[in-house]
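I have placed the structure first, in the form of C-alpha cells, so that the comments after it can refer back to it.
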Amino acid sequence: MSDTTQERTAYTIVGAGAIGGTLAFALARAGHPVTLVDTDRAHVDALRTHGLVLVAADGGRTSVPVTATTPDDFTGPLERVLLAVKAQATRSAVDWIAPRLAPDGYVVSVQNGFNEELIARLVGGDRTVAAFVNIFADVAEPGVIQEGGPGALVVGEPGGAPVSDRVRALVADLQSWGPARASDNVEGYLWAKAGFGAMLAATALADAPMADLIDRHRPAMARLTGEIFAVADRRGVTLEAFDAFDPRPFLQGADSAVRDAAFDRLTAWLRTQPKNRSGIWRDLAVRHRPVEVTTHYGDVIDHATDMGLPTTLLRSVLDGLRELEGAPHTMSEARLDALDALDGLDALDRLAPRSAGQILPADEQAEAVLRRLEHHREDMVADLAAYTARGSASDDLEALDACLAWLRQWLDQRLGPPETEEIIPCAEAGDIMVRRYPARGATAADERPVMLVGHYDTVWPTGTLDEWPFRREGDTISGPGVFDMKAGLVQAVWALRALDVLGLPRPAVTLVLNGDEETGSLASHEALVEAGRDCRLALVFEGAADGAIKTARKGVGLFTLTVTGSEAHAGLDPTAGASAVDELARQILRLTELRDHAAGTSLNVGVIEGGTRSNVTAGRAHAHLDVRVATDAERQRIAQALADLRPVDARTRLDVTGDWNRPVFERNEDVAELADLAKSCARRLGHDLAEASVGGASDGNFLVAASIPVLDGIGAVGHGAHARSERTSVSEMINRAALAATVLTTLEK
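Going left to right, the sequence shown walks through residues 448 to 1196 as the numbering used here numbers them.
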C-alpha cells in the first residue's frame, strides 16, 4: 500500500468543509496523499486525532488518515489545490495560495458561484481550472462529514477551452468519489447550478424541507430561476442538465406543462436525498454564520444590471437571507408567500430608462447613477488597486509603456472598444493615447465631443510600490498616485459606464491620457491642445482641492539665472576677480522684490550653486527659479523684469534661460459657467460643491489658454499629492464619479 501511495497524485484541499471534506475522503481512501488546510482549529485537531470521518446515509462511520493543518502552520509548496472555501473567502484564500503555488501547479474551484475569474486574476489563467460541483453533504461535527447522497462533478479548462491532459488526469482521480467527468462547457453547468441553487437558497427563508417548499411555491421558483437563466441566455451560455435538474423547462417562455413535469422530477429526487435542508439553511439556523450565497450571486446581479435585466426575486431572496443572518428565528414560509406576490419589477430598472427617448427627471437620473455606482463600489476599488499596482514613474519609459498597455486593455473591458484610437509616440516621455467614443442618445444641438483629460505618470520612482503598496483601511486608500491622479481616471471610466448601462444620454467623448504631466507635459501639451480643438469643453480629472473644483490655476515659469564672473586667488589677490556668487546674491535680493502675494505672484529661488573652492573667487553661479502668477498681466510683468535684469558689478554677465512651463488658467466666463453647471449637478446628488483657486498647474492650463472651456479638479477627493501622506476616499470616489456622470448627461439637455 505504501508503494502505491507514493505513486499517487498528492492534493492539497483548502477548505475542509462539506465539499472539501467529501472529496478529500474519496481521494485519501483511494490512496492519494491528501493535506487539508482549514482555519477552524477544532476541526483540524479532530482530523489530526481521528482522521477524516465520513458518516454514510445508514449511519455507518468510516475514517481515513489525512494530513491536516491551519494556514499558519502549513509549510511547503502547493501543486494541485482543490479550493473548497465559501465564496466570500475566495480572495483571502487565494491570496494565501498564490505565493506558495508552484509554477506548474493549479487551483481548482470546487465551490459554489463563479470564482474562476477572480482566481485567474490572482494566480494566472494558466494555473486555474474550472469546476462545477453539486454535492449534498454537511459538516456534522469537527472532523466528521455527513454524506449527502449522489451528486455531480464536472471539470474543465476556463473559458470553454478544450479538455486538457491535466483535466483528464484530475477527473480520473476524482472518479474515486463518483461520476466525475470532463467538459469544455463548465460555464453551462455553473449557470444551470446558479438557477437551481437560487431555488435552494429561497427555501432557506423558511424552516421546512426543500422539496416541500419548492413544490408549494412553483410560480415564484420558476420566475426566480428564469431571472438567472435570462442573464445566461443573453451571455450566450448553453445550459447543461445535471442530476435531476434540467434547466431548459425553466427558461422564460417555456411550456408550463413541461415545467411542471420538471418540477415533479426535481422535487421527487430531492425527497430521496438524506439531506432535506440546504447548507444555507444550516449556516443560518445551526451554525449562526453569514451565508456565501449573498456573495456568489453578486456576479449574476452585476451582469443583469449591465444588460438591463430585472432580478427582483433574486434580490428579494438575498435581502431576506441577510436579514436572517442576524435573526434566524424569523424564518417563515410567509417570506416565500411574499415572493409569490412580487410583480417582477426591479427597483433599479424602474429608475433606468429602457431607451434614449424615455428620459427621467434630472433628480431621478442622478439618483439612478449614484445607486449604480454605489452597487459597484468594490469593483471601482479593485480597479484602482490594479491600476496603482502598475508603477508609472515619469522617468521610467518601460514602466510607462507597460502601464499604458494595461490601461488600453482595462478600458476595452470597462467601456468596450473605442470608435477610434491613436497612440502618439514620444521619444523621451510616455506615449499619448487619444480614444474617441461615440455619443449615446445625444439630443443636444452641440454635437462636438467632450474631452476627458488625465495623466498616467506619477512622481513616484520605480520601486516605491515595493515598500509602499496600495492599501485600504476603511474608507481611506493610500498608495503612490492614488490621489494624483489614478483614482480620477477610474472615476471617469465608471461614470461613462454607469451612463451607458442605465441608458442615459451622453455626448461623444474624447479621452486623452499623457505620460509626462508630472514633468511639465513638455512632449504632450501640443497634442493635448490639438485633440481638444474640436471639443466643446474639457473635464480634467485631477484631484480636488479639499473637495472643491478648481476654477483658476497659476501660470508656472521655470527659469535659471546664470552669473558669469572672473576667477582669482581669493587670498593673494582678493580684488582681481569678479565674484559670480556675490553678484548672484545681489540679484536674488532684486528678484525677491518682484513678489506680489496680493496679486497672487510668488517667486521662489529654490536652488543656488556656484564657485569651485573656498579660496577661489567664483567665476560662475546659478539660481533656479520657480515663478507662479495668477494673471497674464503678472506673467508679462515678471517676464519683462527678468529681461531687464542688469549686473551691479559691471565685470559680470547675467543670462536668464527657461520659459513659462504652463500658461495662466484664469476663471473666465466659460469656466464660471461650467462651475455653475457642476454645482447644480452636485445639488441633485445631495451635496454642495465649492470652487477654489490653486497654485499648482495642470494640463487644464494649456486648454484654457487655447480657449477651450475647462472644468478642472473633478477627480479624486483626498490629500497628500507628491507626499507619503497621499490618500483618497472610497466614498468620495462614488460621489465624484456620479458628479462627472451627471455633468455629462446634463450637457445633453
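Here a beta-carbon is modelled for each residue, glycine too, at the ideal position from N, C-alpha and C.
- Between Pro954 and Ala889, the alpha-carbon positions lie close to 6 Å from each other.
- Within the same chain, Cβ atoms closer than 6 Å to the Cβ of Ala945 are found at Val816, Arg819, Leu820 and Ala1188, the five residues on either side in sequence being excluded.
- Taking every protein chain shown into account, the CB of Ser968 has 16 or more other CB atoms within 10 angstroms, so this residue is buried.
- The C-alpha of Asp1079 is placed about 11 Å away from the C-alpha of Arg1109.
- It is roughly 9 Å from the alpha-carbon of Ala1032 to the alpha-carbon of Ala1070.
- In this structure, DSSP gives His972 a helical state, which the three-state scheme calls helix.
- The Cβ atoms of Asp893 and Leu851 do not sit closer than 8 Å to each other.
- Inclusion of Leu761 and Leu671 in the CB contact set at 8 Å is warranted, their separation being smaller than that value.
- Looking at the DSSP output, Trp728 shares a beta bridge with no other residue.
- With the rule of 3 Cβ pairs closer than 8 Å, the stretch 1172–1191 does not count as touching the stretch 1003–1021.
- Where Ile675 is concerned, the enclosing alpha helix (DSSP H) starts and stops at Arg665 to Arg681.
- The Cβ neighbour count for Pro666, taken over all protein chains shown within 10 Å, is under 16; the residue is labelled exposed.
- Beta-bridge pairing by DSSP links Glu588 to Val591.
- Boundaries of the alpha helix (DSSP H) around Arg1033: Ala1027 to Thr1039.
- Of the residues Asp848, Trp728 and Ala833, the one whose Cα lies closest to the Cα of Leu771 is Trp728.
- Leaving aside the five residues that flank Ile661 on each side, the residues in its chain whose CB is nearer than 6 Å to its CB run, in chain order, Met646, Met668 and Thr714.
- One Cα belongs to Arg455, the other to Pro480, and the distance between them is close to 7 Å.
- Judged by beta-carbon spacing, Val684 lies beyond the 8 Å limit of Leu756, meaning their Cβ atoms are not closer than that value.
- Per the coordinates, the alpha-carbon of Pro872 lies some 21 Å from the alpha-carbon of Lys933.
- Among the bridge pairs identified by DSSP, Leu786 is matched with none.
- Around the beta carbon of Ile1155, a 10 Å sphere encloses 16 or more other beta carbons of the protein chains shown; the residue is thus reported as buried.
- Secondary structure at Ile582: coil, using DSSP grouped into helix, strand and coil.
- When beta bridges are read from the DSSP output, Thr1048 appears opposite Asp1043.
- The Cβ-Cβ distance between Thr742 and Gly467 does not fall below 8 Å.
- Boundaries for Leu1092: no alpha helix (DSSP H) harbours it, and the DSSP string shows neither H nor E there.
- The residues Asn632, Gly635, Tyr636 and Ala639, in chain order, have a CB closer than 7 Å to that of Glu687 in the same chain once the five nearest residues on each side in sequence are set aside.
- In the three-state reduction of the DSSP assignment, Glu821 falls in the helix class.
- At a Cβ-Cβ threshold of 8 Å, Val554 and Ala578 do not count as neighbours.
- In this structure, Ala1185 is the residue among Ala1185, Lys1196 and Ile460 with its C-alpha nearest to the C-alpha of Met827.
- Using a Cβ distance threshold of 8 Å, Asp690 and Asn581 count as a contacting pair.
- When the beta-carbon positions are compared, Val502 and Val586 stay at least 8 Å from each other.
- Of the residues assessed, Lys533 falls on the buried side of the cut-off, its CB having 16 or more other CB atoms within 10 angstroms.
- Arg1171 and Ala840 have their C-alpha atoms spaced approximately 15 Å apart.
- Ranked by how close their Cα comes to the Cα of Ala599, the residues Arg613, Gly921, Gln622 and Leu617 have Gln622 in first place.
- Here Asp693 is buried, its C-beta having at least 16 other C-beta atoms within 10 Å.
- Nearest to Asp505 by C-alpha distance, out of Gly596, Arg615 and Asp485, is Gly596.
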